[in-house]
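In my numbering, the protein residues as written are 110 to 252. Below is one structure; the comments refer to it alone.
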Amino acid sequence: MSLGDLTKQFAKEAIRGSAKDVMDSLRPPELAGIADAITGNKPAAQVSSDNFGATIVSQIQAMQKALKDDDELVVLINTGIETLRVLDIYLPSWRVAVLTGIDTEKTVTRLVCAVERLELTCKIMKVPAEAKATQVRIIVPKA
């Protein structure tokens, strides 16, 4: 199998149905009503473009919503020292994030940082037959 074929296969597996939901969430607000009228979908909640925390939360929620039963969204963050698998995202305010996850040694670790500095890697992965799919738990500030 050539590198090109392998890349195409990875891309197909990574995208698998979540592309539409992600693209819908990126659609400008003025076009959302038109597309929803055509497709018959209810409009998604709009997020202010300057609110990074709300934008990140809505993207992760859109990706999780589009998952099939045998898939799970794996969210990773590289801290420079290690890579954590994120299990919980807590935003005490829209500008600060507290990420709780596990490292490669299965140690529970928390990362506190400004939302503007978050760089998350999201992967859609198959759940092993004997395991149960997990979702990233998200807690946001009250309105």
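For glycine and all other residues, C-beta sits at the position ideal for the given N, C-alpha and C.
Within the DSSP secondary-structure output, residue 206 pairs in a beta bridge with 222. Separation of residue 169 and residue 163 (C-alpha to C-alpha, rounded to the nearest whole angstrom) is 10 Å. Nearest to residue 179 by C-alpha distance, out of 251, 239, 219 and 235, is 235.
Annotation: residue 247 to residue 223 spans about 16 Å, alpha carbon to alpha carbon. Rounded to whole angstroms, the Cβ separation of residue 193 and residue 220 is 7 Å, and the two are in contact under 8 Å. Nearest neighbour of residue 207 by Cα position, chosen from 196, 216 and 233, turns out to be 196.
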